[in-house]
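Below is one structure, written out as structure tokens; the observations come after it.
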Amino acid sequence: MRSIKKLGSRPASLPVLADDILEFHAARLLLLLKLCGKRGRIDGLTKMAKLDFFVRYPRFFAEACEELGEVPRDEPLPVESAMVRYRYGPWDHRYYHVLSFLEGARLVEVSRIGKTFRLELTELGIATSAQLEKKPSFQELALQMRQVKKVLGNKSGSALKKIIYETFSNEVTNREHGEVIE
């Protein structure tokens, strides 16, 4: 994964995927904190990752909605970017890198309360996420996040993990650690 600022050093003939761009993931996590968190804050890496899973995998979100008796979105979007099976379900190995980038840019403050990591937008993060939310290129993602928050936003990270393990045993739970979730 590279910063968009460093892409000029790559040969022009090599393809560039959005999934390989640090700022792409940073923008998504900023919006996730703003739209799925409470007042720009999510308590727990597990909760952040599971909410992000349902944002990135809209078809799984639609299936979870049906299991929970909620009405899913009419037409789920395609998978945005892949995650892997990790100890506690879906995970992106880039989270620590992206969160460090966001913290270094003073967009997010990461603190620890007991064993829980608190991820909170700073004033600059609030302003930046508000700008992203207004951009046409982020409208579909923002809509998906609002729906995820409406259905799952009040659940704990452990409750979200349980929903994923019980609902998606073949797709997630029964995969080897490090295997890509499709």
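Start counting at 1 in the sequence shown, then tack on 3, and there's your number in the numbering used here. Where is the CB? At the ideal position from N, CA and C, for every residue including glycine. Just so you know, these numbers come straight off a predicted model, no measurement behind them.
In the structure shown, E66 falls within a helical segment according to DSSP collapsed to helix, strand and coil.
Judged by beta-carbon spacing, A67 lies within the 9 Å limit of I166, meaning their Cβ atoms are closer than that value. With contacts defined by Cβ atoms closer than 9 Å, D55 and F120 do not form a contacting pair. In the three-state reduction of the DSSP assignment, R97 falls in the coil class, being assigned neither a helical nor a strand state.
With 16 or more other CB atoms across the displayed protein chains lying within 10 angstroms of its CB, S132 is buried. Per DSSP, reduced to three states, the secondary structure at E112 is strand.
One thing to note: L32 has its Cβ within 9 Å of the Cβ of V101.
DSSP, read as helix, strand or coil, puts E143 in helix. Remark: C-beta atoms of M51 and Y98 approach each other more closely than 9 Å. Residue state for F171 is assigned as coil, using DSSP reduced to three classes. Membership of E123 in the beta strand (DSSP E) is indicated by the continuous run T119 to L124.
For R31, the uninterrupted alpha helix (DSSP H) segment begins and ends at L25 to C39.
Take the alpha-carbon of Q142 and the one of L135: they are about 9 Å apart.
One alpha carbon belongs to L38, the other to A145, and they sit about 7 Å apart. Of the candidates G107, K158, A29 and F63, F63 places its Cα closest to the Cα of N173. Contact between L127 and L110 holds: their C-beta atoms lie close to 6 Å from each other, under 8 Å.
The shortest CA-to-CA distance from R115 to any of L155, E69, L48 and K152 is the one to L48. Across the structure, S140 and F27 are spaced so that their CA atoms are roughly 11 Å apart.
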